[in-house]
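Each residue of the sequence shown is one higher than the one before, counting from 116 in the working numbering.
Glycine included, every Cβ here is placed at the ideal spot set by N, Cα and C.
None of these values were measured; they are calculated from a predicted model.
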Amino acid sequence: MLVVFVAYLLIVIVIALWSARKSRNADDYILGGKKISGFYLALSERATGESAWLLLGMTGFAYTYGLSAIWVALGCVIGILFIWIFMADRLRELTAETGSLTINSLFSKKFPEASRSIGFLTSAIVIFFFMFYIAAQFEGSGKVLHETFGLSPFWGMIIGSFVVIIYTVLGGFITVVATDVFQALLMIITLVVLPIIILFICFSNETIINFSHTAALYNLTNNKSGWEAAILVLSGLSWALGYTGQPQLLTRMMAIRNKKEVKTDYDDLKDQLYDNPSDSQLPC
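Written out as structure tokens, the structure reads:
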């Protein structure tokens with residue numbers, strides 16, 4: 116297992132070094148200079164959106180609550196489709212129109228009469244919420260390394276953050292997208308192959324089969340009814356709302372070259388959602 120982990124780190128570093136050569140100015144470093152393929156941007160957007168929370172959090176949630184977890188998955192799918200169908204092309208147009216490199220600057224330039232207030236407010240919102248978001252990702256890396264190698268979660272977080280900082284500093288957006296593509300492919304393989312292996316294990320283990328017969332696990336509302344069921348369903352579907360305001364996802368759309376690339380990205384996204392439903396967070 117250690118060999119596999121070291122190999123993974125080496126591959127990420129090699130990809131970072133290779134892609135960093137293409138980052139030559141601020142435009143390239145912050146938004147890729149409009150020269151990244153739509154296919155790669157689509158993979159990067161999904162790898163960014165489905166990070167530690169999907170591989171650790173969502174799978175654990177589905178394992179604990181069964182079919183009722185599907186409402187969270189459905190909410191996420193709705194949110195993902197919404198931003199790609201209704202926001203991607205408009206963001207691309209506004210980026211070209213204003214010459215912006217970030218979501219903050221895009222809003223500031225779109226509404227120049229309130230640019231200072233908008234710049235301050237959006238920066239404050241991003242900084243505040245990203246402290247918790249990034250902390251959760253680093254905690255995820257700490258947990259994985261702790262469970263896999265017995266490392267202290269603290270040192271696991273240090274190693275994870277060090278790797279991310281290194282490849283981000285090396286080449287900025289281009290390097291991040293390149294490593295995202297590699298990690299997206301690993302995630303797709305894991306989310307498709309691993310459930311199949313687990314099903315074989317489950318059907319050959321009587322204890323697991325007996326455990327899975329718990330009635331609540333097969334109920335879409337976890338045996339709840341009335342207002343409790345409605346709240347469970349609506350709270351799951353409400354995850355769709357979060358995708359419209361995540362700058363780490365929207366910047367991928369700002370980096371799209373032209374309208375044709377938006378369609379390419381959307382087609383790639385549909386393939387991921389329908390051909391590989393496990394990659395779109397649908398619990399088995």
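Beta-carbon spacing of residue i, residue j below 8 Å
| i | j | result |
| --- | --- | --- |
| Leu285 | Leu132 | yes |
| Asn337 | Gly153 | no |
| Ala355 | Phe197 | yes |
| Asp295 | Leu169 | no |
| Thr163 | Leu300 | no |
| Gly172 | Ser353 | no |
| Ala167 | Ala293 | no |
| Ser230 | Ser238 | no |
Cβ distance (whole Å) where residue i is taken to contact residue j below 8 Å
| i | j | result |
| --- | --- | --- |
| Lys149 | Arg372 | 5 Å |
| Val278 | Val127 | 7 Å |
| Leu347 | Lys339 | 6 Å |
| Tyr358 | Gly194 | 3 Å |
| Gly271 | His261 | 5 Å |
| Leu236 | Leu221 | Incorrect: roughly 14 Å between the Cβ atoms, too far for contact. |
| Pro362 | Ile233 | About 14 Å; that fails the 8 Å criterion. |
| Met302 | Glu165 | 7 Å |
Neighbourhood of residue i by C-beta, 8 Å cutoff - its chain only, sequence neighbours within 5 removed
| i | result |
| --- | --- |
| Tyr144 | Ser138, Gly286, Gly287, Phe288 and Ile289 |
| Ile280 | none |
| Lys374 | Asp204 and Arg207 |
| Leu117 | Phe264 |
| Asn436 | Only positions 116 to 399 of the chain appear in the structure, and residue 436 is not among them; the question remains open. |
Residues near residue i in its chain [Cβ-Cβ closer than 7 Å; skip 5 each side]
| i | result |
| --- | --- |
| Leu146 | Leu216, Phe288, Thr366, Met369 and Ala370 |
| Lys225 | Leu209 and Thr213 |
| Ile130 | Ala293, Thr294 and Phe297 |
| Ser134 | Gly286, Ile289, Thr290 and Ala293 |
Sequence-distant residues of its chain with Cβ nearer than 6 Å to residue i (five each side left out)
| i | result |
| --- | --- |
| Val187 | Gly351 and Trp354 |
| Gly255 | Ala167 and Leu171 |
| Phe176 | Ala184 |
| Asp142 | Gly148 |
| Tyr282 | Ala131, Thr290 and Thr294 |
| Gly257 | Pro268, Gly271 and Met272 |
Segment contact flag, the region 238-246 with the region 255-272, C-beta cutoff 8 Å, min 3 pairs: no
Every unbroken beta strand (DSSP E) within the region 175-210, with a cutoff of 3 residues, ordered by chain: Entirely contained in the region 175-210, not one beta strand (DSSP E) run reaches 3 residues.
Whole runs of the alpha helix (DSSP H) within the region 332-377, excluding any shorter than 4 residues: 341-352, 354-357 and 362-369
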